[in-house]
Amino acid sequence: MSSHMSPHELLRQTPLVNLQGPKYPDTAPSRLSLPELRLPPSAPVDDVFAVWLREIDAAIETSKTHDTSAAFDEWFSSQYATSRPPGMDATLTLPGSAAPGER
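This is how it looks when you write it as structure tokens:
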């Protein structure tokens with residue numbers, strides 16, 4: 001083949017090959033048959049939203065509890081932490097007990 005061939009001439013000299021083989025129409029793979037896919041009926045919309053609304057209500061209650069615990073932490077630090085006896089250190093723990101952040 002010459003390097004000066006046009007693309008058309010190059011394609012005309014390239015033999016065509018059937019990837020399925022020479023007996024393609026007679027040996028075609030059989031068609032795959034799958035059973036029909038049936039989905040269960042979906043739940044009523046009210047039932048679906050009721051679950052989400054309960055989750056949202058639980059999250060709101062948790063955030064209120066968290067806000068209350070933050071208020072307690074402020075009260076504790078202002079009332080107790082500022083009036084600790086001399087020599088008491090913030091890192092003082094009993095032997096064998098975990099520090100508050102490690103529980």
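Using full-length UniProt numbering, read the sequence shown as starting at 1 and increasing by one per residue. Every residue, glycine too, gets a C-beta built ideally from N, C-alpha and C.
How is S30 classed by DSSP in three states: helix, strand or coil? Within the sequence shown, residue 30 is the residue found at index 30, counting from 1. Coil at S30, not helix or strand.
Could you tell me the alpha carbon to alpha carbon distance between K23 and P7, rounded to whole angstroms? The residue you call residue 23 lines up with position 23 of the sequence shown. The residue you call residue 7 lines up with position 7 of the sequence shown. Taking the straight line joining both Cα atoms gives about 30 Å.
Any chance the CB of A58 is under 8 Å from a heavy atom of the ligand NAP? The ligand NAP is absent from the structure shown, which contains no ligand whatsoever.
Minimum C-alpha distance to D46 - residue among R54, G21, L32: Walking along the sequence shown from the start, residue 46 turns up at place 46. The candidate whose alpha carbon is nearest that of D46 is R54.
Quick test of your reading: G21 and T27, contact by CB under 8 Å. State the CB separation rounded to the nearest angstrom. On the sequence shown, position 21 is the one that residue 21 refers to. On the sequence shown, position 27 is the one that residue 27 refers to. Yes, G21 and T27 are in contact; Cβ-Cβ is about 7 Å, under 8 Å.
What did DSSP end up calling R38 once you bin it into helix, strand or coil? To locate residue 38, count along the sequence shown from 1; it is residue 38. The answer is coil: DSSP assigns R38 none of H, G, I, E or B.
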